[in-house]
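Inspection log for the structure reproduced underneath, given as C-alpha cells.
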Amino acid sequence: MAVPEYKLPEEFKLKCDRVIPERYKHMVLTNRQRPNIPACNIKTVPGDMTERGCAFAGCRGVVGGPIGDCIQVVHAPAGCAWYQWGTRRNLSKIYAWAGPGKLCNDSHNRRRAITTDLQERDVVFGGMEKLKKACLEAWRLIPGAAGILIFTTCTSGLIGDDCKAVAKEVEKELEKKEGRPIPVFVFDSPGLCRVSQSTGHHHFNVQFYEQMVEWRKEHPEFCMKEEEKTPYDVAIIGDFNMDWDLAYIKPLFEKIGCRVVAVFTGGERLYNLLKIPDVKLNILHCQRSCTYISDLIKKGYEIPYINVSFFGIEQTAKALRDTAKFFGSKEMMEKAEQVIEEEIKAITPALNFYREKLRGKKIGLYVGGPRVWHWQKVMQELGMKVVFGMCTFAHEDDYEKINKRAEDGVFLVDNPNEFEIEECLEKFKPDLFLTGLKEKYLARKLGVPTVNSHSYEKGPYACFRGFINFARDIYQGIYAPVWKFVKDKDFA
Ligand code: CFM
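So the sequence shown is numbered by my numbering: it starts at 1 and just counts up by one.
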C-alpha cells in the first residue's frame, strides 16, 4: 500500500517559500508513532541559497582532516584549500615532527594548508608532475610526518589526473629516501559529486578502508602483533575531537577496562587507524558520517559495532553499559555502574542549578543532521523544549531518529536557507538557537542568543562533565544581560 503523501498544515507553510514552493516538501511535523520524513538528501533547487558544503568539504574538512600526523595535500586551486582550513575545531596535539629546525605546531592539520595551487596551465596540460613535486617538497619540510594524504577536488577531478599513480611514485621515492615504507593515500571526492558534504563522508570512509586493507596486506608490520592485543581493545568511530571531546570520552572507556586503540579520526595518528581491524569492537558515535566504514570493517574483518551517543547523561551511560554488555564481563559492568554513579554525583549540584534556570525554555536546533537527534535528548534532560529542528544534510534514518525522540509536532526543515531560518526564528521565538557560525549573526541581530553547536563555545560538550559545560553555555547565552537591552529597543 502506498504511503499517503505528507501534507504540511497550511499554518506551517513559511511565507518566504511562496516563491519556491518546492521547498514545502522539505518540511514536516514530527510524529513518534508514524515518523514523517521530509524530502532529504536531494539536490538543492536553483534559486534556493543552500548552506550546504560540497563533497570535498565532507571528505577533507570533516572526516579526513582531523588525522593529526599526516601531510594533507589538496590537489586543487588554492581556494579549495583555503576554505577547508582551520574553521572546524577538530583538535589534535601531535608533535610528530617537533624538534630543532623542524616545523611544529599544536594542531598542524588545522593550521597548515598544503596545496598544489592548480592554474590554467595545469588544467590544460595536467597537474600530475606538480602534485608529485608538492608531495616531495612537503615531505622535505615536514619529514617527521606519518604519511601523506592527497585530496582531489572539482578541478583535479575534471582534469582526470591519475593521482593514485603519483601516490605510488611518491611512495617509492620516500621509501628509498627514508629506508621504510611511507603510506601515501589518495581521496577522490570532487566537490561537484552529488548533493552535499555527506557524499564526501562516504567517499573518505570507502577509500580509506580500501587503502587500509591493501596497505595492511602489503605491509603486515603495520598490523597489531598478536602479543600486543588485549581482550578489550576497542576503536571509537566517528568522533572528531570537537573542542577536546575526546578528553572526556576516552578516560571513561579506560576506566571501565577498555583500551582505546584508535579514534576514527579525531586527533588520531595514521598508524593507529591502520590497526582498527585488530580491535574487538567498534563504538560508533557519528552514525551519519561513519556508518559506512563500520559496516565495511564488520563485513571484511567480522568486527561488530554498536551505535552510541556521548551527549547527555542518559545516552553516555547507555554507551558505557552497552559496551560492557557487549563484552559480557561482569567486572566491566560493575565498573561501568560505578563510573556512571561517580560522574553523576560529581555533576549533580551544577546540573540542579542549570535545570532550575533552563526549565521550560524554548530551543531551536540547526546542525548537520545527527546532532539534532543527539541533542533532542540532551534538551529533554535539561527540561527544555525544542520548537524546531533543521538539518543541513540529514538522510531518512536521521529524520526517523528525530521523529522518535522529539515530542509530536516539532517543525523540521531539511536543508534550510537563510530566509527560512529568519522566518522560523521570528515565528517560533526560541529563547536560544543552537546553531553554527554562519547563522549566529542573523539570530543575534534578531535578539536571539546562540550557542555554537558544531564546535562549541567552551567545550568539551561530550559525556557527563561536557553536558554541564553545554548547559553552562546555554545558560550564559540566555541570561546574558545584553538581550534585555536589545529587546527593550524593540529590535526583536
Ligand atoms: Fe557527524 Fe559531526 Fe554531525 Fe558531521 Fe558536521 Fe560536526 Fe555536524 Mo558540524 S561529523 S554529521 S559533517 S556529528 S561538522 S562533528 S557538528 S555539521 S551534525
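Glycine residues also receive a C-beta, built at the ideal position from the N, C-alpha and C atoms. The structure displayed is predicted, hence computed values, not measured ones.
### Message
Just checking C70 against the ligand CFM - is the residue's beta carbon closer than 7 Å to any of the ligand's heavy atoms?
### Response
no
### Query
Residues in its own chain within less than 7 Å of L270 by CB, not counting five upstream and five downstream?
I67, D69, C70, A146, G147 and P183
### Query
How about T152 and H75: are their beta carbons less than 8 Å apart?
yes
### Message
If you reduce the DSSP assignment to three classes, tell me which class F187 lands in.
### Response
strand
### Task
Rounded to whole angstroms, what's the CA-CA distance from V195 to A406? Just pull it up for me.
27 Å
### Query
Using a threshold of 7 Å, is the CB atom of R88 nearer than that to any non-hydrogen atom of the ligand CFM?
yes
### Task
For Q376, collect the residues of the same chain with a Cβ closer than 7 Å to its Cβ; drop the 5 residues on either side in sequence, then sort them by chain order.
V386, I402, R405 and A406
### Query
With distances taken between CB atoms, is the gap from E343 to F464 smaller than 8 Å?
yes
### Query
Closest by CA to I347, which one among R359, H374, R472 and K298?
If you compare the alpha carbons of R359, H374, R472 and K298 with that of I347, the shortest gap goes to R472.
### H202 burial status per 10 Å Cβ neighbour count (16 or more: buried)
Residue environment: H202 is assigned as buried (16 or more neighbouring CB atoms within 10 Å of its CB, all protein chains considered).
### Task
Can you have a look at K275 and say buried or exposed, based on whether 16 or more other CB atoms are within 10 angstroms of its CB?
buried
### Query
By how many angstroms is the C-alpha of L14 removed from the C-alpha of K260?
The amino acid occupying residue 260 in the given sequence is Val; Lys does not appear at that position. The straight-line gap from Cα to Cα measures roughly 47 Å.
### Query
Does DSSP put G68 in a helix, in a strand, or in coil?
coil
### Query
Are there 16 or more other CB atoms within 10 angstroms of the CB of V482, so buried, or fewer, so exposed?
exposed
### Message
On the DSSP bridge list, what partners appear for G147?
### Response
C70
### Message
Quick check on the burial criterion: 16 or more other C-beta atoms within 10 angstroms. Buried or exposed for N352?
### Response
exposed
### Message
Just to confirm before moving on: does the CB-CB distance between G389 and L358 stay below 8 Å?
### Response
no
### Message
Closer than 8 Å is the cut-off here; do at least three beta carbon pairs connect the segment 221 to 237 with the segment 274 to 288?
### Response
yes
### Beta-bridge pairing of C391 - partner residues as DSSP gives them
V367 and D414
### Message
Is the separation between the beta-carbon of V170 and that of L136 shorter than 8 Å?
### Response
yes
### Task
Quick one: residues in its chain with C-beta nearer than 8 Å to the C-beta of H395, no 5 flanking neighbours on either side, listed in chain order?
So the list reads C40, N41, S198, R288 and G369, once near-sequence residues are dropped.
### Message
Nearer than 7 Å: is that true of the beta carbon of M242 relative to any heavy atom of the ligand CFM?
### Response
yes
### Check: V62 C-beta below 7 Å from any heavy atom of the ligand CFM
yes
### Residue burial classification, G47 (beta-carbon count within 10 angstroms, cutoff 16)
Classification for G47: exposed.
### Task
Sort Q72, D431 and I20 by Cα distance to M49 and report the nearest one.
Closest by C-alpha distance to M49, out of Q72, D431 and I20, is I20.
### Query
So G459 packs on M242, CB below 8 Å; how close in whole Å?
Taking a contact as a CB-CB distance under 8 Å, the pair G459 and M242 counts as one, their CB atoms being some 6 Å apart.
#### Entry: G61 in three-state terms, based on DSSP
helix
### Where P481 sits in the DSSP three-state scheme
coil
### Message
Measuring alpha carbon to alpha carbon, tell me which residue in K335, G312, E426 and K325 is nearest W373.
### Response
G312
### Task
Assign V124 to one of two classes, buried (16 or more other C-beta atoms within 10 Å of its C-beta) or exposed (fewer than that).
Taking a 10 Å sphere around the C-beta of V124, we find fewer than 16 other C-beta atoms and assign the residue as exposed.
### Task
Classify I347 as helix, strand or coil using the three-state DSSP reduction.
Three-state result, I347: helix.
### Query
Under 8 Å, do Q84 and R112 count as touching if we go by C-beta distance?
no
### Query
Straight-line CA distance for I283 to W139?
34 Å
### Query
What residue does the alpha helix (DSSP H) around A235 start on, and which one ends it?
From DSSP, A235 is part of no alpha helix (DSSP H) but of the beta strand (DSSP E) over D233 to D239.
### Task
Take every Cβ of the segment 235 to 253, pair it with every Cβ of the segment 289 to 307, and state whether three or more of those distances are shorter than 8 Å.
yes
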